[in-house]
Amino acid sequence: MKRRKHAPDFVLIVTTLLLLAIGIVMVYSASEYVSRNTTRSAENPEGYNYYVVRRQLIWVALGLVVMWVGSKLNYWRLAVLAKFGYIVTVIMLIMVKIPGIGITRYGATRWLGVEPFVFQPSEIAKLTLALFLARWLSNRMDKIKTFTQGLLPPLVYTGIICGLVMLQPDLGTTIVIFSIAAVLIFVAGARWKHILVLGVASVAAILVLIYIEPYRLERLLSFRNPWADPLDTGHQLIQSYYALGPGGLFGRGLAQSIQKRFYLPFPHTDFILAIIGEELGFVGTSLVTLLFGVFIWRGLRIALNAPDNFGVLLASALTATVGLQAIINIAVVTGSIPTTGIPLPLISAGGSSLIFTLGAIGVLLNISKYSRE
Amino acid sequence: MQTRRRIGFAMMVFMLTIGALVCRLAWIQLIKGPELTRRAVAQWMREIPVEPKRGIIYDSKGNELAISASADTVVALPAQIPKEKAPEIAAELARILNKNAEDVLKTITQKKAAVYVARKVDPEVAREIRELALPGITFTEESRRYYPYGNLASQVLGFAGVDSQGLYGLELQYDEYLRGKRGYLQYPTDNQGQEIPNATPTYVPPQPGYNIHLTIDQVIQHIVERELDNLMVMHNAESVTAIVMDPNTGKILAMANRPDFDPNNYMAAVEEYGSQSVWQNQAISGGFEPGSTFKVVTATAGLEKGVVREDSVYYDKGYEVVAGHRIHCWRRTGHGQETFLQVMQNSCNPGFIDVGMKLGADTMLEYLQKFGFGQKTGIDLPGEAVGVMFNKVGPVELATLSFGQGPSVTPIQQAAAMAAIANGGKLMQPYVVERITDQDGNIIEQREPRVVQQVTSPEIAQRVALMLESVVAEGGGRNAYIPGFRVAGKTGTAQVPKPGGGYYPDKYIASFSGFAPVDDPKIVVFIAVHNPRGKYGYYGSQVAGPAFKSMAEDILYYLDVRPQSEATSGKVQAIEVPDLVGMTSTEALERLRDTGLNIRIDGQGAKILDQTPRAGVKVPPGSTVIVHMGEKPPSAGEPVQVPNVIGLSLRDASVKLSAVGLQVQAVGSGIAISQSPAPGTVIPAGSMVRVEFKP
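Taken in order, these protein sequences are the chains called A and B. Note that this note's numbering has the first sequence beginning at 2, numbered continuously upward. Note that this note's numbering has the second sequence beginning at 2, numbered continuously upward.
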């Protein structure tokens, strides 16, 4: 196969940098008040002395390096790592569950590493599974129409990862990982009939999960009318609305948010879009949303023009990783779907996920260098 | 090719989703924005209330009877008080405010946005706290109520509590007008109650309360209260009540009771009397049997129904037998043959029983109702009583009712009933608030006089008025006579019923109800003295009559009503002063009772030694005879003990010595420094005692 190298996708770079810049400014704005008005404690490891924004700057710098490296590595060389990455991911996901190794934060055990250098294996899982499935499917494009040889194996590989993530438990990430796999299988050319069955099966699976843990149903439904239970399940969403609503068209002005002052939980992470909405208004939120739209457009365009099947599938999967998380986050903040803890890629504060996201974008940029155009 | 289509399809789904999310954001931020903002603001805002200034209460001449002045209230904002500094701050506050430090600490560490530490403190205290500039301690201005005239009209005005809420009297009745509307200072806070820096607070200023203007005239009120104080002292009374009313309009010109209280310190009187009843306005809430003042009702009904005329003749044998019961006249011997006019002048009970019997129970009750008894007058004051009427009227009840025994009525009902006679038969609704104005003087409400009903025709009212004038001019009400004025009125001496039935043998209510001038009445005055126990007895004529005279005279002159001596001189007969020397005070009171002369008893002793004017002098009715009490001096030669006069003046020494029948031989002038014989020596009466005086 002939690969002609040229400049990476400029629009994607600009979009990424714009989102990062908005992120840094908004993480600063959203976290400064809490940061100045709390002292460090076990429950509040980040809430002091501009800790959040200083860390964010470091992560962004590191992430940009990773992105640069990713864009320099020829993407087809990554195929070699696919199987290895998958196995390591499974091992790490199992390690999280081993007492004394997994690190607990905010009441959930999802992290590995040595403080403060910790990361979530489930973050890595998104990428390693994408890589693994892209490689596996690109080698079997002819068999994808069959159930046992084409469709079932990737579902099993995905199921193993999802099952392990679900054990943490982390429903949000599970759904993201499954969706990435679903996009890959769809793009690879699975039969519509199979996809339909798969869809029905997923809905059934979700219903089973709800049946096992009924609190999920409450959570699932509370987003429809958060005021029914304003102190408990509806609280976050109400506070998100109280940021978005008063923001109006142009917002209260940068740094002027009231909701960030102890009203809205996680103002600089999962609900940062609400603070953007309060300070910069509908103009700010729609700009961010449309930037993700541009990101998806450019990402899928790179996939379309990738020189080989592996490139097509990998680019689709990486674009979906970023795009799906953005969509889910915005949907959560606007009360369009049940609340799940998914950060807004490139914008929310959060170390490891930023590194992995930028790494993925680096790979995407590398693929764009070999576009057939 | 299929992969390209699939990616295109995915792209479409993604873009539609992005579009949907943008729409969703627009819906929340633009369409739902105002509604969500309203809710969010409710969550963010903390309010510091700002009390409005309570309205002023003016008398009819614009004098301020109740005013509000600003006072600082100490407020703590617990969220702004550093935890470690709280005990120190509490200690400082406790020291200045003279409070318990632990209580203050508890107060200022409550989990509230703002708490009161001390309400309405004195200016010096506020300044001292301000100078300390304690963190989280701030001030808010509240209004504090002052009553510049102290006790004046206390039960009418009532008072307002610490939250400026009306609790009694007019302050309660007109609270919603006086109160005003609360304002507030609103500022956004974070979720821990901290004020957000640089945020602009909204200030909604309070609306001051409306001012009310009374019909009460501060000068008339002063005159009335002065007389009430005299009555309390002179007659050692339990309580007294007086009402002065304009009969033509129903305006209350004065209303007062004793005992009273100072609304500036309304708890002090409760501590003194041990009961909050001192706050109650007995003039409208106190019910008692009216006694003879009630005969006005019987007379009106009798004249109107034609069962009796002024010249109808009645023979009083001292009692009347009703359904087998013998009901006595206050004069046991009876008044003999008399006209109905004389029956009224003499306040003869059997004469009224006769009229009552002729009228019948239904007519009597009808007139009671017409005069407004058994129902509230509707005066604009809280706590008015209805009184008690008979629920079943038999012959005996009818008989006693006709001279005012049995039902229980309030002073305001009696004043209003008398006003109906004075003004030509109209029952006027009494009122105390003339006008309500806002801060700029615009009239919010203006009260107009209201006629409740026509009680009787103007002609009948006029005839009753003339009968009542004769009561004062030549009957039992002569003690109330004011020289130069045509005065009408009726005395009353009611017994106090025992809770179980029957009457207390020694408890009376002496009352007087009257008006003046008869031809153009300006004032109705009602006075009731509860349980007088002094040396002047308990009769309405001798207790309440003179007080009426003093009050009405001063009020008439104040109202610029000039005396018209020629109008009255024809009717009034001068009275010859009887000889009272040698009588006991009780005998003298009894002797003067029918004469219309007032008495003032000076000095101590069992018998009257001397009197002014002397016996035989002719004076107008209502004049006062001053009697000097003392023991009769021992006759000459009787052994007496020499009293000690050292340290006395010449006058006092000679009074003391002459009291025991000794004479003074004064040497020098000034104060007695020695005497001879020495004190305690027994010498014959009539002897000389030599007393040396030095300046």
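Think of the CB as a built atom: it goes at the ideal place given N, C-alpha and C, for glycine as much as any other residue.
Contacts that residue i makes with chain A (C-beta to C-beta distance below 7 Å)
{"i": "R40 of chain B", "result": "Y243"}
{"i": "I8 of chain B", "result": "V188, L301, A304, L305 and S317"}
{"i": "I197 of chain B", "result": "I259 and R262"}
{"i": "P189 of chain B", "result": "I259"}
Chain A contact residues for residue i, given Cβ-Cβ distances below 8 Å
{"i": "L17 of chain B", "result": "Those do not exist, as L17 of chain B stays about 10 Å from chain A at its closest Cβ, beyond 8 Å."}
{"i": "A27 of chain B", "result": "F283 and S287"}
{"i": "K113 of chain B", "result": "Simply none; closest approach about 17 Å."}
{"i": "R5 of chain B", "result": "L305"}
{"i": "N192 of chain B", "result": "R262, F263 and Y264"}
Cβ shell of residue i (< 8 Å), same chain only, five flanking positions each side left out
{"i": "S570 of chain B", "result": "Low local confidence applies: a pLDDT of 49 at S570 of chain B is under 50, so the model's placement there is unreliable, and no value is given."}
{"i": "P621 of chain B", "result": "Y482, P484, V573, A575 and I576"}
{"i": "G251 of chain B", "result": "A417, A420, M429, Q430, P431, Y432, P450 and R451"}
{"i": "M96 of chain A", "result": "I102, G103, L113 and P122"}
{"i": "S286 of chain B", "result": "G384, E385, A386 and T411"}
{"i": "S471 of chain B", "result": "L342, M345, Q346 and K572"}
{"i": "V184 of chain A", "result": "S317, A318, A321 and L325"}
Cα-Cα separation between residue i and residue j, rounded to whole angstroms
{"i": "R37 of chain A", "j": "S144 of chain B", "result": "40 Å"}
{"i": "S293 of chain B", "j": "W280 of chain B", "result": "29 Å"}
{"i": "Y509 of chain B", "j": "G503 of chain B", "result": "13 Å"}
{"i": "L399 of chain B", "j": "A420 of chain B", "result": "24 Å"}
{"i": "L215 of chain B", "j": "I244 of chain B", "result": "14 Å"}
{"i": "L314 of chain A", "j": "G9 of chain B", "result": "13 Å"}
{"i": "E279 of chain A", "j": "R25 of chain B", "result": "15 Å"}
{"i": "L649 of chain B", "j": "S512 of chain B", "result": "43 Å"}
{"i": "S659 of chain B", "j": "L593 of chain B", "result": "29 Å"}
{"i": "L590 of chain B", "j": "P459 of chain B", "result": "38 Å"}
{"i": "I14 of chain A", "j": "L288 of chain A", "result": "16 Å"}
{"i": "L171 of chain B", "j": "I444 of chain B", "result": "18 Å"}
{"i": "A302 of chain B", "j": "S165 of chain B", "result": "49 Å"}
{"i": "D60 of chain B", "j": "F527 of chain B", "result": "20 Å"}
{"i": "A545 of chain B", "j": "R227 of chain B", "result": "14 Å"}
Cross-chain neighbours of residue i in chain B, by beta carbon under 7 Å
{"i": "Y212 of chain A", "result": "Residues of chain B passing the Cβ test: none, with the nearest at roughly 28 Å."}
{"i": "P268 of chain A", "result": "Under the 7 Å cutoff, chain B gives no residues; its nearest Cβ is about 11 Å from P268 of chain A."}
{"i": "A332 of chain A", "result": "L22"}
{"i": "F293 of chain A", "result": "I19"}
Cβ-based neighbour list, residue i, same chain, cut-off 6 Å, excluding 5 preceding and 5 following
{"i": "T625 of chain B", "result": "N599 and R601"}
{"i": "V497 of chain B", "result": "Y505 and K508"}
{"i": "I213 of chain B", "result": "I58, Y175, V434 and I437"}
{"i": "S697 of chain B", "result": "Nothing about residue 697 of chain B can be read from this structure; chain B reaches only from 2 to 696."}
Proximal residues to residue i (C-beta, below 7 Å), its chain only, five neighbours per side dropped
{"i": "Q3 of chain B", "result": "none"}
{"i": "Q277 of chain B", "result": "V271"}
{"i": "R7 of chain B", "result": "none"}
{"i": "P231 of chain A", "result": "I239"}
Contact set between residue i and chain B, taken where Cβ atoms lie within less than 8 Å
{"i": "T335 of chain A", "result": "L22, R25, L26 and I29"}
{"i": "T455 of chain A", "result": "The question about residue 455 of chain A has no answer, for chain A in this structure spans 2 to 374."}
{"i": "W193 of chain A", "result": "By Cβ distance, chain B contributes nothing, its closest Cβ being about 10 Å from W193 of chain A, past 8 Å."}
{"i": "I297 of chain A", "result": "M12, F15, M16 and I19"}
{"i": "P247 of chain A", "result": "G34, L37, T38, A41 and V42"}
Neighbour flag for residue i against chain E, beta carbons, 7 Å
{"i": "K121 of chain B", "result": "In the structure shown, chain E does not exist; the protein chains are A and B."}
Assess contact between the segment 687 to 696 of chain B and the segment 665 to 674 of chain B, defined as three or more Cβ pairs (one per stretch) separated by less than 8 Å. Is contact present? yes
Quick one: any contact between the segment 164 to 182 of chain A and the segment 115 to 133 of chain A, if contact means 3 or more CB pairs under 8 Å? yes
Would you list, in sequence order, the uninterrupted alpha helix (DSSP H) runs of no fewer than 4 residues that lie entirely inside the segment 292 to 355 of chain B? 296 to 306 and 341 to 347
Is the segment 181 to 195 of chain B touching the segment 203 to 212 of chain B in the sense that three or more CB pairs, one from each, lie closer than 8 Å? yes
Which ranges does the beta strand (DSSP E) cover as unbroken runs of at least 3 residues, wholly within the segment 48 to 129 of chain A, from first to last along the chain? 104 to 106, 109 to 115 and 118 to 120
Enumerated in chain order, which unbroken segments of the alpha helix (DSSP H) with a length of 4 residues or greater are wholly contained in the segment 598 to 679 of chain B? 651 to 660
Contact the segment 135 to 153 of chain A vs the segment 340 to 353 of chain A: 3+ CB pairs below 8 Å: no
If contact is defined by three or more beta carbon pairs under 8 Å, each pair taking one atom from either stretch, is the segment 357 to 371 of chain A in contact with the segment 66 to 78 of chain A? yes
Check whether the segment 78 to 89 of chain B and the segment 133 to 140 of chain B are in contact - that is, three or more C-beta pairs closer than 8 Å. yes
Taking three-plus beta-carbon pairs below 8 Å as touching, is the segment 296 to 314 of chain B in contact with the segment 400 to 407 of chain B? yes
Scan the segment 88 to 131 of chain B and note each continuous beta strand (DSSP E) run of 3 residues or more that stays entirely inside, going in chain order. 116 to 122
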